[in-house]
Amino acid sequence: MRDAVVVEAVRTPIGKGKPNGALAHVHPVELLAHTLRTLVERSGVDPELIDDVIGGTVDQVGEQAMNTTRYAALSAGLPESVPATTVDRQCGSSQQAVHFAAQGVISGAYDIAVACGVESMSRVPMWSNVPEGKDPFGPGIAARYPEGLVPQGISAELIAAKWSVTREQMDAFAVSSHRRAAAAWDTGLFDAEVAPLEGVTRDECVRPGTSTEVLAGLRPAYHDPGFAERFPQIEWNVTAGNASPVNDGASAVLVMAGETAARLGLRPLARLHSFAVTGSDPLLMLTGVVPATEKVLRRAGLSLDDIDLFEVNEAFSSVVLAWQQETGADLDKVNVHGGAVALGHPLGASGTRLTTTLVHAMRERGARYALQTMCEAGGLANAMILERI
5 MRDAVVVEAV
15 RTPIGKGKPN
25 GALAHVHPVE
35 LLAHTLRTLV
45 ERSGVDPELI
55 DDVIGGTVDQ
65 VGEQAMNTTR
75 YAALSAGLPE
85 SVPATTVDRQ
95 CGSSQQAVHF
105 AAQGVISGAY
115 DIAVACGVES
125 MSRVPMWSNV
135 PEGKDPFGPG
145 IAARYPEGLV
155 PQGISAELIA
165 AKWSVTREQM
175 DAFAVSSHRR
185 AAAAWDTGLF
195 DAEVAPLEGV
205 TRDECVRPGT
215 STEVLAGLRP
225 AYHDPGFAER
235 FPQIEWNVTA
245 GNASPVNDGA
255 SAVLVMAGET
265 AARLGLRPLA
275 RLHSFAVTGS
285 DPLLMLTGVV
295 PATEKVLRRA
305 GLSLDDIDLF
315 EVNEAFSSVV
325 LAWQQETGAD
335 LDKVNVHGGA
345 VALGHPLGAS
355 GTRLTTTLVH
365 AMRERGARYA
375 LQTMCEAGGL
385 ANAMILERI
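For what it's worth, our numbering labels the leading residue of the sequence shown as 5, then goes sequentially.
This is the structure in C-alpha cells:
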C-alpha cells in the first residue's frame with residue numbers, strides 16, 4: 005500500500021485577531037497565498053504536479069467566502085489547472101484537510117496534494133456567518149436538546165468542573181505555554197517553519213513575562229447569570245489568560261506519496277501514519293479529543309507510551325488538562341513549543357499550524373511517533389499519528 009509523507013510545512017507568524025493586529029491589514033486570501041507560495045518555493049516542487057489544494061476555513065463568509073482556497077492558490081501563482089477546495093470541520097478544518105490529502109495520496113487519487121488553512125479573525129470575526137436572529141441549528145436539534153446547547157466558553161467551564169480542574173492549574177498551564185513558546189522563538193526553533201510576512205516575523209500574542217500572579221487578576225471570561233443558574237457546578241475559572249485568543253494566520257503542508265518524494269529527491273519530514281475522527285457530546289463539546297486519541301492509537305496498533313510528542317490544541321487550558329487526566333499522557337511531551345494559549349488560534353489555520361510545528365519538533369528532538377488531536381465545535385475531534393522516517 006502507498007504511504008503519505010509530509011515534505012514541507014510552513015506557517016505565517018500569528019497576529020492578534022483585532023483591528024490593530026499585526027496582520028489585520030492583510031486580506032485572508034493573501035495570508036493563505038503567502039504560505040502556499042512559500043511552500044512551493046521551499047520545497048522546489050513544480051506546482052504543475054500538485055493534484056489538489058485542500059484548505060480549512062471556519063467562517064466562510066465575506067472575505068473568506070467563495071472557496072477561499074481556490075483564490076489563494078491562484079494568487080500564489082499556482083497554475084490555473086491546479087484545483088482547490090475549502091472544507092469546514094470547525095477548529096479542526098485544516099487538520100481534516102491533512103487527513104483528506106493523505107487519504108487521497110494513500111488511495112492513489114493524488115500523487116501530490118497541499119493541505120492548508122486560514123482565518124483572519126480581525127477581518128471576519130467569529131460567527132460572522134450567522135446573521136443576527138438566525139438559527140443555524142434548526143428544530144430537530146432544539147427537540148433533541150430541549151434545554152439548549154451552549155457556547156464553547158461554557159463547555160470549557162463544564163469540563164473544568166467535571167474534571168475538577170482548578171483555576172490555579174489552568175493558569176499554570178497557560179504560563180507554561182507562553183514560556184515554552186518564548187523559548188522556542190529565542191532559540192530559533194520556529195525559524196524553519198515560519199514565513200515572515202510584510203515585516204511581521206514573530207507571533208504577536210506570546211507573553212514571556214506573564215505569571216500566575218498576573219493571570220490570577222483576570223476576571224472570568226464567560227460568566228452568565230442564566231448559565232450560572234442552569235449549571236451551579238461551574239466555578240467560573242476560564243479567563244482570557246487561560247484560553248486561546250482570537251487570531252489571524254495561515255499555514256500549509258505539502259503531502260505526497262513516499263515514492264513520489266523519492267523520485268523527486270525530497271526528504272520527508274514525517275510519514276502520516278494513522279487517522280481518526282469522532283463525535284462526542286455537543287454540550288460538553290470539546291471532549292472528543294479523548295476518544296479520538298484512543299481511537300487513533302488503536303488503529304495504529306500503538307500505545308500512549310509509544311508517542312514521543314503530542315500536539316493537543318489549546319483552545320482552552322481546561323480541555324488539555326482534562327485530556328491529560330483521562331489519557332495519563334506526560335505533559336512534558338505535550339505542546340513542547342507552546343500551544344494556542346500563547347501562539348494563538350486562527351481557527352481554520354490551526355490544524356496545519358499544529359502539524360507544521362509538530363513535524364519540525366519531531367526532527368529537532370529525534371521523535372519517532374507523534375500524535376496530534378484537536379477539539380472542535382459541535383462535539384467533534386480529529387486525531388492523527390505521524391512517524392519520523
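Glycine included, each C-beta is placed from N, C-alpha and C at the ideal position.
Practice item. Have a look at 71, 61 and 162 and flag the residue whose alpha-carbon is nearest the alpha-carbon of residue 289. Key: Residue 289 sits at position 285 when you count from the first residue of the sequence shown. Distances from the CA of residue 289 to each of 71, 61 and 162 were compared; the closest alpha carbon is that of 162.
Check your understanding: For residue 237, which residues from the same chain have a beta carbon less than 7 Å from its beta carbon, with the 5 sequence-adjacent residues on both sides left out?
Key -> The sequence position of residue 237 within the sequence shown is 233, counting from 1. If we look at residue 237 and ignore the five residues flanking it on each side, its Cβ neighbours are 165.
Review point. If you scan the region 20-61 from start to end, which runs of the beta strand (DSSP E) of 3 or more residues do you find wholly inside it?
Key: You should have 56-60.
Point to revise | the region 372-388 / the region 309-326 touching (three or more Cβ pairs under 8 Å) | key: The region 372-388 is in contact with the region 309-326.
Review point. Between which two residues does the alpha helix (DSSP H) harbouring residue 18 extend?
Key: Taking the first residue of the sequence shown as position 1, residue 18 is located at position 14. Segment: none, residue 18 is in no alpha helix (DSSP H) and carries neither H nor E.
Check your understanding: What runs of the alpha helix (DSSP H), each 4 residues or longer, lie entirely inside the region 151-181?
Key -> The alpha helix (DSSP H) runs lying completely inside the region 151-181 and spanning 4 residues or more are 156-166, given in chain order.
Exercise for review: Taking 8 Å as the threshold, find out whether the region 321-338 comes into contact with the region 276-294 through three or more Cβ pairs.
Suggested key: Flag = yes, the region 321-338 and the region 276-294 touch.
Exercise for review: Would you be able to state if there are at least three C-beta pairs under 8 Å between the region 20-30 and the region 251-269?
Suggested key: Yes: the two stretches touch, three or more of their Cβ pairs being nearer than 8 Å.
Point to revise | residue 98 and residue 343 closer than 8 Å at C-beta | key: By 1-based counting over the sequence shown, the position of residue 98 is 94. By 1-based counting over the sequence shown, the position of residue 343 is 339. One thing to note: residue 98 has its Cβ no nearer than 8 Å to the Cβ of residue 343.
Review point. Are the beta-carbon atoms belonging to residue 323 and residue 379 less than 8 Å from one another?
Key: Residue mapping note: residue 323 aligns to position 319 of the sequence shown, counting from 1. Residue mapping note: residue 379 aligns to position 375 of the sequence shown, counting from 1. Their beta carbons are under 8 Å apart, which means residue 323 touches residue 379 by this criterion.
Review point. Got a sec? Which residues, its chain only, sit under 6 Å from residue 79 by beta carbon, not counting five neighbours each side?
Key: Taking the first residue of the sequence shown as 1, we reach residue 79 at position 75. Scanning its chain for C-beta atoms nearer than 6 Å, with the 5 sequence neighbours on each side dropped, one finds around residue 79 the residues 33 and 37, in chain order.
**Study point:** Touch test, the region 120-132 against the region 55-63, Cβ-Cβ under 8 Å, three pairs minimum
**Key:** The region 120-132 is in contact with the region 55-63.
Practice item. Go to residue 104, then tell me how far its alpha helix (DSSP H) extends in each direction, as first and last residue. Key: Locating residue 104 in the sequence shown gives position 100, where the first residue counts as 1. 97-111 is the span of the alpha helix (DSSP H), which, as asked, contains residue 104.
**Study point:** Which listed residue (6, 67, 8 and 81) has its alpha carbon closest to that of residue 39
**Key:** Translated into the one-based positions of the sequence shown, residue 39 becomes position 35. Closest in alpha carbon position to residue 39, among 6, 67, 8 and 81, is 81.
**Study point:** N- and C-terminal bounds of the beta strand (DSSP E) containing residue 373
**Key:** As a first step, residue 373 is located in the sequence shown; it is residue number 369 there, counting from the start. In the DSSP assignment, residue 373 falls within the beta strand (DSSP E) that extends over 373-380.
Review point. Leaving out five residues before and five after residue 295 in sequence, what residues of the same chain have Cβ atoms less than 8 Å from its Cβ?
Key: Taking the sequence shown and counting its residues from 1, one reaches residue 295 at position 291. Excluding sequence neighbours, residue 295 sits near 282, 284 and 385.
Practice item. Have a look at the DSSP bridge pairing and note the partners of residue 252. Key: Counted from its first residue, the sequence shown places residue 252 at position 248. In the DSSP output, where bridge partners are listed per residue, residue 252 has 19 and 124.
Exercise for review: Note down, one range per segment and in chain order, each beta strand (DSSP E) of at least 3 residues found wholly within the region 287-346.
Suggested key: The region 287-346 contains these whole beta strand (DSSP E) runs: 313-316.
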